[in-house]
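Below: the structure, in structure tokens.
Numbering (my numbering), first residue to last: 72 to 247.
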């Protein structure tokens with residue numbers, strides 16, 4: 072996954088697992104999915120943070136009652152499944168220190184808010200695919216000076232800004 076160094080910097084708490092299965096997978100595993108994201112919109116500027124128009128990655132999903140878990144290989148991102156059993160959503164916020172404050176200068180801390188919403192394709196107890204949209208919103212934390220990231224190659228065209236991707240995913244590996 073390669074939209075950007077800041078996009079890749081998420082870190083969330085890890086859930087507990089059951090004996091006899093991967094401790095990193097809460098609930099019932101749905102499988103591993105290959106996701107293709109297409110840039111739908113960006114106010115961050117072309118190529119901001121190394122982003123591209125096409126983004127491909129693999130993710131595991133698991134479910135426990137009304138919770139859906141997005142397992143990206145490092146973190147467990149908790150989300151929710153609506154009462155219909157197919158509509159899902161995730162909301163997370165990550166605080167990313169970019170530069171420490173120094174003598175006579177403010178530090179730079181960026182807050183990234185991630186939201187995702189979509190629909191699981193359900194066939195009996197199986198979830199062979201899903202589709203949705205993922206949005207990354209970036210703001211400089213209050214009392215930060217992140218001007219060094221604005222208007223430079225690999226940075227942002229503007230802050231605050233956001234980028235969104237339309238996602239389609241197909242299961243490439245069924246749960247064990």
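For glycine and all other residues, C-beta sits at the position ideal for the given N, C-alpha and C. No experiment lies behind these values; they were computed from the predicted model shown.
- The way I'd put it, the region 191-202 doesn't touch the region 166-175; fewer than three beta-carbon pairs between them come closer than 8 Å.
- Annotation for residue 112: 235 place their beta carbon closer than 6 Å to its own, counting only its chain and skipping 5 residues before and after.
- Within the same chain, Cβ atoms closer than 6 Å to the Cβ of residue 169 are found at 179, 181, the five residues on either side in sequence being excluded.
- Cα atoms of residue 134 and residue 145: separation of roughly 18 Å, rounded to the nearest angstrom.
- Apart from the 5 residues on each side of it in sequence, residue 124 sits with its Cβ closer than 7 Å to the Cβ of 109, 110 in its chain, given in chain order.
- Setting aside the 5 residues that flank it on each side, residue 208 is surrounded in the same chain by 184, 233, each with a C-beta closer than 6 Å to its C-beta; the list follows chain order.
- Taking the CA atoms as reference points, residue 151 sits about 9 Å from residue 162.
- Here the alpha carbons of residue 221 and residue 245 stand approximately 43 Å from one another.
- Closest in alpha carbon position to residue 118, among 131, 139, 223, 216, is 223.
- Taking C-alpha positions only, residue 115 is separated from residue 211 by approximately 13 Å.
- DSSP places residue 112 inside the beta strand (DSSP E), whose first and last residues are 99-113.
- DSSP places residue 191 in the uninterrupted beta strand (DSSP E) bounded by 179-194.
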